[in-house]
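Numbering (our numbering), first residue to last: 302 to 573.
Note that CB positions come from ideal geometry on N, CA and C, so glycine has one too.
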Ligand code: GTP
Ligand code: MG
């Protein structure tokens, strides 16, 4: 049989003390419950945020892979052209992954909420490849060679060379979809490719820098001058192409043996 405790105070004695204690304990408990409740919410929130970061990082990794793929395709075309024609149509290739801040800003300007899915569906230039060519005709040679590859889908093509922008901007833009193979999946990733000559790039780079300087008071006068420069540059591009063609036409054709030796020389060069 259970022994009755003997030291229990009298009910009248107990009452004030017990209520005081109970009050304290109850408020403690309430605080603890609130903390637990908040902690649960906070934990769920941070789990969601970490999840988004993981998805975003993974998506960005995939865009980086897609850029590498396009870059390799371009390098192969350049190397092959060099062997066949003894010159490089591509002088340089730059790749850039759009920064998160620019992505957030672009979605915000379009009134689209930030999510990995929305980035994938709405931002076509997360992966950007810029190809700088020697001559204007090289741009189209390279673009056609890329476009004709069976694994590449051309989603958008904008020819700002045949139809320059009113400000004088010239470039050939392609939005491509390229497959990227991972261990357990294949993903089709979008890559924006801008192809332009050295001269067009010179103009576009300065134009871009100037646009970042805000509050230009004589904006219109500057725009007129920039347009004039763009036209001069385009004219120079055309003249350089004509000069190259003239040189090619007026150069004595090499013998078959000389051509083969030249080809071996080019194939001997490191391919990278
Ligand atoms: P976003 O401006 O990127 O949203 O693309 P869009 O849909 O207007 O396409 P567009 O093909 O016109 O421009 C794509 C990219 O080309 C831009 O992000 C710039 O990098 C470049 N670009 C277009 N217009 C100009 C220009 O006037 N000057 C310079 N410097 N770059 C330009
Ligand atoms: Mg852009």
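For residue 307, does the three-state DSSP call read helix, strand or coil?
Here residue 307 scores only 49 on pLDDT, less than 50, and its place in the model is too uncertain to base an answer on.
Along the beta strand (DSSP E) that carries residue 478, what are the first and last residues, could you check?
Counting along the chain, the beta strand (DSSP E) containing residue 478 begins and ends at 473–482.
How is the beta strand (DSSP E) around residue 458 delimited, first residue to last?
Segment 454–460, the beta strand (DSSP E) holding residue 458.
Please classify residue 260: is it buried, with 16 or more other beta-carbons within 10 angstroms of its beta-carbon, or exposed?
Residue 260 lies beyond the stretch modelled for the chain, which goes from 302 to 573, so this question has no answer here.
So, using beta-carbon positions, are residue 525 and residue 371 closer together than 8 Å?
Taking 8 Å as the Cβ cut-off, residue 525 and residue 371 do not qualify as a contacting pair.
By the three-class DSSP mapping on this structure, what secondary structure does residue 302 have?
Bear in mind that a pLDDT of 45 at residue 302, under 50, signals an unreliable position, so the number given afterwards is only what the model happens to contain. Here residue 302 sits in coil by DSSP.
For the beta strand (DSSP E) containing residue 393, name the first residue and the last one.
Its beta strand (DSSP E) spans residues 391–398.
If you measure between the beta carbons of residue 399 and residue 427, is that distance less than 8 Å?
Yes.
Determine the DSSP secondary structure at residue 537, reduced to helix, strand or coil.
DSSP places residue 537 in helix when its eight states are reduced to three.
Any contact of the region 433–450 with the region 503–518, i.e. 3+ C-beta pairs under 8 Å?
The region 433–450 is not in contact with the region 503–518.
Under three-state DSSP, which class holds residue 493?
Strand, per DSSP.
Just checking my contact of residue 469 with residue 378 at CB under 8 Å: how many whole Å lie between their CB atoms?
Not confirmed; about 28 Å, so no contact.
For the ligand GTP, is there a heavy atom less than 7 Å away from the beta-carbon of residue 470?
Within the cutoff, so yes.
On the DSSP bridge assignment, give the partners of residue 530 in chain order.
The partner list for residue 530 (beta bridge, DSSP) is empty, contrary to what the question assumes.
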